[in-house]
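Student: Dumping the structure here so I can ask a few things about it.
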Amino acid sequence: MKALDWRSLISIASRASEEEKRRLLLDGIYRVVENWQGPLPDLLEIFEPKKIECLLSYAVTDQEGDEKARIRFIKFVVDTGYRDQPKVGTDRQYVLHRTTPIHLVLRTKIDNWDATATNMVQLLFEIYNRFDFNYIDVGGFTHFQAACSIPNGHQLVKKLIQNGQNPNSLLLSALQYPKWAAKLLIRGADPTWLDADGSTALHTICRDNRLDSLKLFFKIVDEHRKSVQINVRDSLGNTPLHLAVKSGFLKSSEILLTRGADPNSANKEGSTPLHIICRDCRLDLLKLFFEIVDKHRKSVQVNVRDSLGNTPLHLAVKNGFLKSFEILLRRGADPNSANQEGSTPLHLIATATYSYKLVEIFFKIAKVIGKPVWVNVQDKEGNTPLHLAIRHGNKRTSGILLENGANPNLADKDGCTALHLISNTRRYEAMKQFFETIDKTQQTVQLDARDNKGWTPLHMTLHSGSKKKFLMLLKRGADPNVTNQDGQTLLSLALLKANTKMAENLLCVDADPNLADNKGWTPLHIICIKCNWFLKKFFEINAERQKTVEINAKTIDGRTPLNLLMNRKTKYEEASRYLEALGAELD
């Protein structure tokens, strides 16, 4: 069979779909090999090395192909004398990170070796015969693992060990193969050796939850009297215990703690194993963790902070880890510890969905164990837990906080009190419940407190357009004549929005019809510009309430209400005549 026959196969396959192409190609090659007569070819005269490796990869992963045909093809390649040559990278160093056909067999057969897979690997090692290279694929599988895995692979393993392979790097691959792990330790492998990622064999075992390997590892190192740094850190600062609890492995964590793992060791993020347990809401692991440290008389720092200032309790409440509250609080967790943002656990609870359940339990547990909770702590934004509960629409939580001593008059960095926040929404029920709780707890609320812009809660309700809340505040005694930083009264603001209904309500509760803003504009000036249809009603209401309207008041630039009407492009003759009849003047 000539080179032309091989190339014609590829030409035929190229006209098919990808799947059909592979099938045609493999079936054709299997036939060529089976019927081959005469001298064997030099494959490099026909194919590039990359194509040869591709064909080998196709063959080892060809689950539909005849097993004998697949083996026959690989043996054919071996018999031709073709041998893989190591690749050199741009840095002129040999490339060890590559996927070979050996890796492909290993991935699919690692836990279920059969005769076909074993034969394939043994033949492939004749092609990939550089035993001084332990190739590793993207999944972390190595040639050494393949050699350790297959039945009767001891000769291959010996070659890899004898050809200068670092016993330390091989140890990571051999951990699930007791015989070879023991031999490597005897040959001087260091169980505390760090790979490029700073991981030891122990890190790898704990990350992958290989409990049998963990037990075996300690058995081997004990038998060979090797020392193990149980608290060694990887490049991220994680100890094996960090990785075990991060993956939720109870038994592995227990073994490590029993062997002396430090329960307070922090990684580069400042997280201890306890932080990780609470972040991941593992109650079983939390209970076991404390049982073991108690058994071995170790102390656990329950108030240690991570790089963001969070304690384990912060993480537990943030993730709604209900049953952990009592355990942590009884263990000495500080319910008032603040993180870098100034947030205490109570701040975090206040923002959670269904936070009322969490806050009830939090207060209950803290009371039982005699740890008072500071309900009025303010974070860096000036928010108390009450502020946050209101912002997140948690009205039941707001009520519980008020019942437990939350101060409704504390202001955040913008000068907003709890009442400002409630007033700035359209949620009438929230305000109603707020005042019901205030009355129940006999607290006093500053109805006319001003924020940094000079706005009171009444200003906020006017802005949000909630008439019911607006009237509720007025009924409870809010001052209708308060002004903002621009000197604008609520009446002026309502008229600027042409909200004449709100203006009527204000006039009926003694809003001053003559108060001017910082530019000298009175409510009458605004009516003439924004809602002159309200002019007659404005005077009627004030007459009923025996209020005199200053009809000729002037703005700072000297304009009267009538002047504003007369100078508009569209003249309002009826409104102008009405003002003139009342004695209004242009200047």
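Each residue of the sequence shown is one higher than the one before, starting from 2 at the first, in the numbering used here.
Each residue gets a CB set at the ideal place from its N, CA and C atoms; glycine is no exception.
Would the beta-carbon of Val78 fall within 8 Å of that of Ile128?
Tutor: Yes, the pair counts as a contact, with Cβ atoms nearer than the cut-off.
Student: Would you decide whether Ser493 is buried or exposed? Buried here means 16 or more other CB atoms lie within 10 Å of its CB.
Tutor: Under this definition Ser493 is a buried residue.
Student: Quick one, are the C-beta atoms of Ala479 and Asp449 less than 8 Å apart?
Tutor: In contact: Ala479 and Asp449 (Cβ atoms closer than 8 Å).
Student: Just how far apart, CA to CA, sit Leu347 and Met473?
Tutor: Answer to the nearest angstrom: the Cα atoms are 30 Å apart.
Student: What's the call for Leu580, buried or exposed, on a 16-neighbour Cβ count within 10 Å?
Tutor: So Leu580 counts as buried.
Student: In the DSSP output, which residue or residues are listed as bridge partners for Ile137?
Tutor: In DSSP, Ile137 forms a bridge with His98, Thr143.
Student: If we ignore side chains and look at the alpha-carbon of each, how far apart do Asp601 and Lys454 end up?
Tutor: Any answer about residue 601 is impossible in this case: the structure gives the chain only from 2 up to 588.
Student: Need the endpoints of the alpha helix (DSSP H) that Gln434 sits in, please.
Tutor: Taken as a continuous stretch (DSSP letters only), the alpha helix (DSSP H) holding Gln434 covers 429 to 442.
Student: Rounding to the nearest angstrom, what Cα-Cα distance links Gly559 and Asn553 in this structure?
Tutor: C-alpha separation (whole angstroms): 10 Å.
Student: Roughly how many whole angstroms lie between the Cα atoms of Glu437 and Leu422?
Tutor: Cα to Cα, Glu437 sits roughly 17 Å from Leu422.
Student: Could you tell me the alpha carbon to alpha carbon distance between Gln163 and Arg131, rounded to whole angstroms?
Tutor: Each residue's Cα considered, the two are about 12 Å apart.
Student: Can you say whether Val139 is buried or exposed, counting buried as having 16 or more other CB atoms within 10 angstroms of its CB?
Tutor: Looking at its Cβ environment, which holds fewer than 16 other Cβ atoms inside 10 Å, Val139 is exposed.
Student: How should Asn153 be labelled, buried or exposed, when 16 other C-beta atoms within 10 angstroms of its C-beta is the threshold for buried?
Tutor: The residue is exposed, with fewer than 16 neighbouring Cβ atoms inside 10 Å.
Student: Where does Val79 fall in DSSP's three states?
Tutor: Helix at Val79.
Student: Identify whether Val301 lies in helix, strand or coil by the three-state DSSP scheme.
Tutor: Here Val301 sits in coil by DSSP.
Student: By Cβ distance below 7 Å, which residues in the same chain neighbour Asn485 in space, the five residues on each side in sequence not counted?
Tutor: Here the set comprises Lys454, Gly455, Trp456, His460.
Student: Tell me where the alpha helix (DSSP H) around Phe290 begins and ends.
Tutor: Where Phe290 is concerned, the enclosing alpha helix (DSSP H) stretches over 284 to 296.
Student: Out of Glu270, Ile47, Arg24, Lys324, which has the shortest C-alpha to C-alpha gap to Leu284?
Tutor: Comparing Cα positions, the closest option is Lys324.
Student: Under the DSSP definition of a beta bridge, which residues are partnered with Val89?
Tutor: Answer is Tyr95, bridged to Val89.
Student: Would the beta-carbon of Asp380 fall within 8 Å of that of Gly321?
Tutor: No, these two residues do not count as a Cβ contact at 8 Å.
Student: Considering only C-alpha positions, which residue in the set Arg208, Gln443, Ala367, Thr426 is nearest to Leu251?
Tutor: The option with the nearest alpha carbon to Leu251 is Arg208.
Student: For Gln547, which option in Gln38, Ile401, Ala512, Arg578 has the closest C-alpha, if you only look at C-alpha atoms?
Tutor: Closest by alpha carbon: Ala512.
Student: Apart from the five residues on each side of it in sequence, which residues of its chain come closer than 7 Å, Cβ to Cβ, to Asp307?
Tutor: Excluding residues within five positions, the ones whose Cβ falls inside 7 Å are Glu270, Gly271, Ser272, His276.
Student: Mapping DSSP to helix, strand and coil, what is Thr484?
Tutor: Thr484: strand per DSSP, three-state reduction.
Student: Please report the residue range of the alpha helix (DSSP H) in which Ser253 lies.
Tutor: Per DSSP, Ser253 belongs to the alpha helix (DSSP H) from 251 to 259.
Student: Going by the beta-carbon positions, is the gap between Ile391 and Ala412 smaller than 8 Å?
Tutor: Not a contact, by the Cβ cut-off of 8 Å.
Student: Going by other Cβ atoms of all chains shown within 10 Å of its Cβ, with 16 needed for buried, is Ile350 buried or exposed?
Tutor: That one is buried.
Student: Looking at the structure shown, is Thr398 part of a helix, part of a strand, or coil, going by DSSP?
Tutor: Three-state result, Thr398: helix.
Student: Could you compute how far the alpha carbon of Asn340 sits from the alpha carbon of Leu309?
Tutor: Near 6 Å, if we compare the C-alpha coordinates of Leu309 and Asn340.
Student: What does the alpha-carbon distance come out to for the pair Asp92 and Leu359?
Tutor: Approximately 58 Å between the Cα atoms of the pair.
Student: What does a CB cutoff of less than 7 Å around Gly400 pick up in its chain, not counting 5 residues either side in sequence?
Tutor: Same-chain partners within the cutoff: Gln434, Thr438.
Student: Counting only beta-carbon atoms, is Ala182 nearer than 8 Å to chain B?
Tutor: No chain B is part of this structure, which consists of one protein chain only.
Student: According to DSSP, what are the bridge partners of Thr490?
Tutor: Beta-bridge pairing links Thr490 to Thr484.
Student: Taking just the CA atoms, how far does Pro42 sit from Met2?
Tutor: Caution applies to Met2, whose pLDDT of 44 falls short of 50 and renders its modelled position unreliable; the model cannot decide the point.
Student: When you compare the CB positions of Val305 and Gly333, do they come within less than 8 Å of one another, or not?
Tutor: No.
Student: Apart from the five residues just before and just after Thr556, which ones in its own chain have a Cβ nearer than 7 Å to its Cβ?
Tutor: So the qualifying residues of the chain are Lys520, Gly521, Trp522, His526.
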